[in-house]
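Peer 1: Can you keep this structure in mind? I'll have questions shortly.
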Amino acid sequence: MGSPRWKRLCLLFLIGLTFSAIFYGHHFTTLDSPTSPRTVARGNPTRDASKQHIPNPTKEQSSLCPWSLKSKVKMDPTFGKQFDFDIPVLMWEQLFTPEAWDRLKERNVPYGWHGLSYAVIASTVKLLNNSANRRLFSMARPPDGCIHCAVVGNGGILNGSRQGKEIDAHDFVFRLNGAVTKGFEEDVGTKTSFYGFTVNTMKNSLLAYAEYGFTQIPQAKDIQYIFIPSDIRDYIMLKSAVLGIPVPEGYDKGDEPQKYFGSEASAGKFKLLHPEFMHYLTERFLRSEIINSQFGHLYMPSTGALMLLTALHTCDQVSAYGFITENYRKFSDHYYEQEKKPLVFYANHDMLLEAELWKSLHRVGVMKLYQR
Ligand SMILES: *[C@@H]1O[C@H](CO)[C@@H](O)[C@H](O)[C@H]1NC(C)=O
Ligand SMILES: *[C@@H]1O[C@H](CO)[C@@H](O)[C@H](O)[C@H]1NC(C)=O
Numbered sequence: 002m003g004s005p006r007w008k009r010l011c012l013l014f015l016i017g018l019t020f021s022a023i024f025y026g027h028h029f030t031t032l033d034s035p036t037s038p039r040t041v042a043r044g045n046p047t048r049d050a051s052k053q054h055i056p057n058p059t060k061e062q063s064s065l066c067p068w069s070l071k072s073k074v075k076m077d078p079t080f081g082k083q084f085d086f087d088i089p090v091l092m093w094e095q096l097f098t099p100e101a102w103d104r105l106k107e108r109n110v111p112y113g114w115h116g117l118s119y120a121v122i123a124s125t126v127k128l129l130n131n132s133a134n135r136r137l138f139s140m141a142r143p144p145d146g147c148i149h150c151a152v153v154g155n156g157g158i159l160n161g162s163r164q165g166k167e168i169d170a171h172d173f174v175f176r177l178n179g180a181v182t183k184g185f186e187e188d189v190g191t192k193t194s195f196y197g198f199t200v201n202t203m204k205n206s207l208l209a210y211a212e213y214g215f216t217q218i219p220q221a222k223d224i225q226y227i228f229i230p231s232d233i234r235d236y237i238m239l240k241s242a243v244l245g246i247p248v249p250e251g252y253d254k255g256d257e258p259q260k261y262f263g264s265e266a267s268a269g270k271f272k273l274l275h276p277e278f279m280h281y282l283t284e285r286f287l288r289s290e291i292i293n294s295q296f297g298h299l300y301m302p303s304t305g306a307l308m309l310l311t312a313l314h315t316c317d318q319v320s321a322y323g324f325i326t327e328n329y330r331k332f333s334d335h336y337y338e339q340e341k342k343p344l345v346f347y348a349n350h351d352m353l354l355e356a357e358l359w360k361s362l363h364r365v366g367v368m369k370l371y372q373r
């Protein structure tokens, strides 16, 4: 309790509380109502349980890359034990089995479906039956057999970095939350393959960073969206987006998904992180001491951390840009700010723990962390 880090966390909790009111304030309004019986779960799902062990496509493919980060992971005694490349990264129709429901309904969001409506979860996940829903990448392998990914966080370290060309040279570019590119092309590039978010972080980013030109999340034919399921509203928004209808219920009722994802929305444009994968990531890589505190229920890895770890489990080579480094105090919170704003720590994330993880992964050569 007496460590400086802990004191800082406590101090920042007041600020954190303000934010978590925004982040979680809606939580109780969206819980399962007593009239949507979870008992339906028992007899209803009819999926064949044998379908559960579908090989992870990214795993088979990676053997084609002679310089995969997997070989670096295997050579490292610590990361060798932490990484499990067989765990499914995405949740999709065939993984929605009665067993999956029974297991995940015991765990709270974002790691499970406790208290969430069976009807909403089932009807959402069942729409994810496109081949694009079960794996991240669909394109043919690049000539060298390796999938190169850049994951671009929004850190101030990118201001004046001139990394744009290098970022765009990757096969896939992941961005998240307030990912402004217009006006910052030289530093952060223009290409976006995946945009990761929770509905909450996306909407907060649109509100908070509109003044920097973030008036719309990245939209283009080739962009795919990675939903981080941190609340029932993420499932409801995802379902509405696939169906192309206004959000019918809950916190975002009446919202038009096309506003965010464009008009040509179909199942193939969306991915859903598997709650089990998020649980595994938190347990193995980002088990913060916050979890054991009274704020434990607020904690989850940051959106950036979830995207970077997703890339590390699916790509062969990963470079991280705009992520927190040891010397983060030198830089502004975000690359688009004109005047320096310090990075603020909230009780719902553990940025220092994330910084340590990125540093170690870089040190052993599992990924490249952009530093200056
Ligand atoms: C996916 O499910 C929808 C709705 O149930 C159905 O119309 C569609 O044909 C299915 N697509 C595939 C690829 O199975
Ligand atoms: C970002 O870089 C520009 C140009 O180098 C500079 O004028 C601006 O103050 C920087 N912003 C921050 C927040 O440091």
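Each residue of the sequence shown is one higher than the one before, starting from 2 at the first, in this note's numbering. All residues carry an ideal CB built from backbone N, CA and C; glycine is no exception.
(1) Could you check the C-alpha separation between Leu32 and Phe262 for me, to the nearest Å?
(2) What does the alpha-carbon distance come out to for the pair Leu273 and Asn134?
(3) Which runs of the beta strand (DSSP E) spanning at least 3 residues fall entirely within the segment 269 to 356, listed in chain order?
(4) Between which two residues does the alpha helix (DSSP H) containing Phe173 stretch?
(5) Check whether the Cβ of Asn160 lies closer than 7 Å to any heavy atom of ligand 2, and answer yes or no.
(6) Please list the terminal residues of the continuous alpha helix (DSSP H) segment that includes Gly165.
(7) Rounding to the nearest angstrom, what Cα-Cα distance links Pro343 and Glu327 in this structure?
(8) Given a threshold of 16 other Cβ atoms within 10 Å of its Cβ, counted over all protein chains shown, does Gln217 qualify as buried or as exposed?
(9) Let me know if Gln164 comes out buried or exposed under the rule of 16 or more other beta-carbons within 10 Å of its beta-carbon.
(10) Tell me which same chain residues have a C-beta within less than 8 Å of the C-beta of Lys240, skipping the five on either side of it?
(11) Between the Cα of Glu257 and those of Val200, Met308, Ser289 and Asn349, spot the shortest distance and give me the residue it belongs to.
(12) State the DSSP-derived secondary structure class of Val248, mapped to helix, strand or coil.
(13) Taking 8 Å as the cut-off, does the segment 174 to 183 touch the segment 151 to 158 (at least 3 CB pairs, one atom from each stretch)?
(14) How about the segment 242 to 249 and the segment 205 to 216: do they share at least three Cβ pairs that are nearer than 8 Å?
(15) Enumerated in chain order, which unbroken segments of the alpha helix (DSSP H) with a length of 4 residues or greater are wholly contained in the segment 116 to 167?
(16) Need the endpoints of the alpha helix (DSSP H) that Phe80 sits in, please.
(17) Looking at the unbroken alpha helix (DSSP H) that takes in Phe198, where does it start and where does it end?
(18) Is any non-hydrogen atom of ligand 2 found closer than 7 Å to the C-beta of Lys341, if you look at the structure I gave you?
(19) May I ask which residues mark the beginning and end of the beta strand (DSSP E) holding Tyr226?
(20) Evaluate contact between the segment 101 to 114 and the segment 65 to 72, counting only Cβ atoms and requiring at least three cross-stretch pairs below 8 Å.
(21) Given this structure, state the Cα-to-Cα distance separating Gly161 from Glu167, to the nearest angstrom.
(22) Please find out if some non-hydrogen atom of ligand 2 comes closer than 7 Å to the beta-carbon of Gly255.
(23) Whole angstroms are fine: how far does the CA of Tyr252 sit from the CA of Ala234?
Peer 2: Looking at the coordinates:
(1) At Leu32 the pLDDT is 28, less than 50, meaning the model places this residue with poor confidence and gives no usable figure here.
(2) 8 Å
(3) 271 to 273 and 318 to 322
(4) Taken as a continuous stretch (DSSP letters only), Phe173 belongs to no alpha helix (DSSP H), being part of the beta strand (DSSP E) at Phe173 to Leu177.
(5) yes
(6) Gly165 to Asp169
(7) 14 Å
(8) exposed
(9) buried
(10) Val121, Ser124, Thr125 and Leu128
(11) Val200
(12) coil
(13) yes
(14) no
(15) 119 to 126 and 132 to 135
(16) Pro78 to Gln83
(17) Per DSSP, Phe198 belongs to no alpha helix (DSSP H); it is in the beta strand (DSSP E), Phe195 to Phe198.
(18) yes
(19) Gln225 to Phe228
(20) no
(21) 14 Å
(22) no
(23) The question names Ala, but residue 234 is Arg in the sequence shown. Going from the Cα of Arg234 to the Cα of Tyr252 covers about 7 Å.
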